[in-house]
Amino acid sequence: MVFILFFFIVIWKKISWLCYRYILVTALYMLKPWVRTIFNSILISVAGMAHIMAILHYFEMVQ
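Laid out in structure tokens, this is it:
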């Protein structure tokens, strides 16, 4: 039980550190929360569309 709790604490600290780095590198700490939400939504949408287009391009090349 203690090992599982320690494992989740370590994972939580790593995820928190990655989120902190993302906010610092993209300078999101200077934005208001609602603007930050819009920025993150657009970024996720563009990344998702690029991923879908890459998959479609791959299947065109395979045929």
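When we follow my numbering, the leftmost residue of the sequence shown carries the number 173, and every step to the right adds one.
Beta carbons are placed, not taken as given, at the ideal position from N, Cα and C, and that holds for glycine.
Model, not experiment: these values are computed from the prediction.
Alpha helix (DSSP H) segment containing residue i, residue limits
| i | result |
| --- | --- |
| T209 | 205–234 |
| Y201 | First-last for Y201: undefined, no H or E at that position. |
Cβ separation of residue i and residue j, assumed to be a contact under 8 Å, to the nearest whole Å
| i | j | result |
| --- | --- | --- |
| I195 | Y201 | 5 Å |
Beta-carbon proximity list for residue i, same chain, < 8 Å, skipping 5 on both sides
| i | result |
| --- | --- |
| L228 | none |
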